[in-house]
Each structure stands twice: as C-alpha cells, then as structure tokens.
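Residue numbers (my numbering): 8 to 333.
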C-alpha cells in the first residue's frame, strides 16, 4: 500500500525492470495494488460525495482498521487462500498497518504472514516535515477546514499535474531540486528518467485528517490516536480526555523493516526508536536493514536490489515455513 498523496501508481511508475509490482510479478506472485480512500482511484461512496464533509471523516487509523482488512478479505475471497503472503507498505502505508495491527492484532496475525515496512513512519520527531507541520498546512484548524470546505488539502487537478509532468520532462534537474524539498527526491539514488511521469500523477489526493493526524503526532512526539477534543475523546476512548497511544506491543505479525540513510521524512533516528523503544517485540523483527536511499527510493530508485535480494527471498522463506507447519 502506497504513501500519503500517492496511489497504486507508485508501484509501477519506475522503469519496467525496476518497478516493485513488476519485480514481484516476475518472481511468481499475484500482486494486488491497494488505493487508500481519498486518492484519484478511490473516490467512490454508496451515498456520500467528495463535497460532503462526512466523506472525509477518516484518517490512517480507519484505513488500518477498515480498509486494509477490506483489501485482504477481497484478496482472500478471490484467491481462495486463507492468508496473504505479505503486506508491503511504503510510508503512510506502514503507518496504517502499525495502527491497524495494534488495534486488531488477532485479525492481522490470522490473515497476513509478513509485514514489509518500507520507509516506516510512526514517530516524526526528527523528520524534515517538522518545520512544515509547525508553520504550514498542518496548522490548519478543523474549524477552518470545514469553513473553507477544503478537505483534500494538497490535491491538484489533472491539468496542473499534466503541466508538472511536461515541466519535469523538459527540465528534470530543476524539477529534481524543487522535489527534493517536498517529497525527498534525490537524484543521487532516484531514477530521474521517471520523475516526469511520477509528477504527472502526484499529488494523487488524501483526506485532510491524515495530514492533521501526522501534525498531531509531531507536536505530541508520540504515536497516538486522533485527538477529537476532550469531550469527544472521552466518548470514544473509554473516558480518557487525551488520545491514547497505539500499543505496538499488541502487534503479532513478523516484519521486515527497510529504511534509508538519506531519508529526510522517515529519519533514521525515528526508525531506531521504532525498532528499539516502541514496544514492538524484537522477536517479530526478522529483518531490518538500512540501505542507501531517500524516501521515494523504495519505489522509484535506480537500484532496487533490496527487493530482489532481500524482500522476495524473505517472502519465500515465510511462505515455505508456513507450508511446512501446515
């Protein structure tokens, strides 16, 4: 599952020989590409429209407790399998897994053999987005968002994205300089030949509460549930006026964690906290590796051998162990 303001396209936007979805497919796996609600490919609803405030009343917790199980249940139904071999998440795709698996540990353990976390985002204390969170869009108040009716805060229509794609195609080095400050693009490790196509599909849309929730995590310096205000918190959180922390000790899934030494969003210091101090059982971390990468490198890097040499063999290992146990 993709990161914030992205879509399933991130798994196929790299060159054919380097795109994660194609690499996994060539290795013999069925590859299912999830789209989080609120992006270009996931705007439907049975009775609400994207102009309704209620449509956008969600964040990555609901994506972890409702949408990931919906994805998994659909795959299991279509394939007649009992479990999926692996859930691969990038950036926000990891956040929703950590939230969902901590709140629904039995479901996740029963249906997902391996969690592959690419550029995981839980704490953001040392991230480059901290200044942005304090000075920029994440300071928007809920009241202001509802007053303005702007629920998809960073979305661009197809026309501006098309223009950005053409601009980046004509002036890739200038576009690289601009993108480095926004999406942690690094020409040193990322495939600049694919940047124009990526920018033609980004940002793909995301609900306002995802951004506000990340801002809350930054300000609180804690991985905690959404803050609705004292009165609503008490109603939702068993009388607690403050939002509780996600209890990562509850997670039961084996996981492999990959992070980058150049990553300014999923900073190595914050990843170290996740691995060593968050409460996740060390026995569940079957592999952790820092590679030479920035934040977007995991999907659009020049060198994707971390996937072929490490992730795919780990999936095969987990799969074979489960077959032997059954």
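Note that the Cβ used here is the ideal one computed from N, Cα and C, for glycine as well. Note that the coordinates shown come from a computational prediction; the quantities given were computed from them, not determined experimentally.
Let me know if residue i comes out buried or exposed under the rule of 16 or more other beta-carbons within 10 Å of its beta-carbon.
i           : result
residue 53  : exposed
residue 239 : exposed
residue 289 : exposed
residue 303 : buried
residue 205 : buried
residue 103 : buried
residue 195 : exposed
residue 61  : exposed
residue 99  : buried
residue 178 : With a pLDDT of only 45 at residue 178, under the threshold of 50, the placement of this residue in the model should not be trusted, and no figure is reported.
residue 306 : buried
residue 17  : buried
residue 253 : buried
residue 55  : exposed
residue 324 : exposed
residue 81  : exposed
Kindly indicate the opening and closing residues of the beta strand (DSSP E) around residue i.
i           : result
residue 107 : Where residue 107 is concerned, there is no enclosing beta strand (DSSP E), although the alpha helix (DSSP H) it sits in stretches over 99 to 110.
Where does residue i sit, in a helix, a strand or coil, going by DSSP?
i           : result
residue 75  : helix
residue 263 : strand
residue 223 : helix
residue 125 : strand
residue 253 : coil
residue 83  : helix
residue 94  : strand
residue 47  : coil
residue 316 : helix
residue 197 : strand
residue 216 : helix
residue 57  : coil
residue 20  : coil
residue 322 : helix
residue 186 : Note that residue 186 scores a pLDDT of 46, beneath 50, so its modelled location is shaky; the value from the coordinates is reported in the next line. The answer is helix: DSSP assigns residue 186 an H, G or I state.
Can you list, in chain order, the residues of its chain with a C-beta nearer than 6 angstroms to that of residue i? Leave out the 5 residues immediately preceding and following it.
i           : result
residue 261 : 121, 291 and 293
residue 256 : 286
residue 129 : 105, 230 and 281
residue 13  : 211
residue 25  : 311
residue 107 : 71, 72 and 75
residue 317 : none
residue 208 : 16
residue 29  : 23
residue 331 : Because residue 331 carries a pLDDT of 40, less than 50, the predicted location of this residue cannot be relied on, and the following value inherits that uncertainty. Contacts found: none.
Along the alpha helix (DSSP H) that carries residue i, what are the first and last residues, could you check?
i           : result
residue 296 : Segment 292 to 298 is the beta strand (DSSP E) holding residue 296; no alpha helix (DSSP H) there.
residue 239 : 237 to 243
residue 28  : 27 to 33
residue 203 : 202 to 206
residue 306 : 304 to 307
residue 280 : 275 to 283
Beta-carbon within less than 7 angstroms of residue i's beta-carbon, same chain only, minus the 5 sequence neighbours each way: which residues are those?
i           : result
residue 220 : 66, 67 and 233
residue 90  : 118, 119 and 120
residue 243 : 235
residue 112 : 257, 258 and 259
residue 322 : 92, 93 and 121
Would you please state the rounded distance, in angstroms, between the beta carbons of residue i and residue j? I believe it to be under 8 angstroms.
i           : j          : result
residue 116 : residue 23 : Not quite, the Cβ-Cβ distance comes to about 35 angstroms (not below 8 angstroms), so this is no contact.
Grab me the residues of residue i's own chain with a C-beta within less than 8 angstroms of its C-beta, minus the 5 sequence neighbours each way, in chain order.
i           : result
residue 273 : 98, 126, 127, 128, 134, 266, 267 and 302
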